[in-house]
């Protein structure tokens, strides 16, 4: 399962679903409570599409040490989150379809 937090204006969640991936969208601000409610304990990847939610990265890693963190945004990761994110991708460089395929195939690694 992949959690998607943020507005996802580029449609990465839709591209993942088109490949048959179970996607759960985190509603509202990504907090410990909203991540837990979305199923963080079972998720293998958390995609953040809004760097305003970057504070969720250390929270997610603390709750699920195995979760892979992917930032898919034009905005830069804040300094405090850079060491904990596994991958940062600019949507201007890779389309949602390409990123989804790479995440599913496991070829994209942090």
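In our numbering, the protein residues as written are 618 to 727. We treat Cβ as the ideally placed atom computed from N, Cα and C, and that holds for glycine.
- Its Cα nearest to that of residue 675, the residue 648 stands out among 630, 648, 636 and 722.
- Under the three-state reduction of DSSP output, residue 647 falls in the coil class, being neither helix nor strand.
- Within the same chain, Cβ atoms closer than 7 Å to the Cβ of residue 645 are found at 651, the five residues on either side in sequence being excluded.
- By the Cβ neighbour-count rule, residue 682 is exposed, with fewer than 16 other Cβ atoms within 10 Å of its own.
- Shown here for residue 714: same chain residues with a beta carbon closer than 6 Å to its own, the five before and five after excluded, namely 632 in chain order.
- Looking at 659, 627, 622 and 718, the one whose alpha-carbon comes closest to that of residue 691 is 627.
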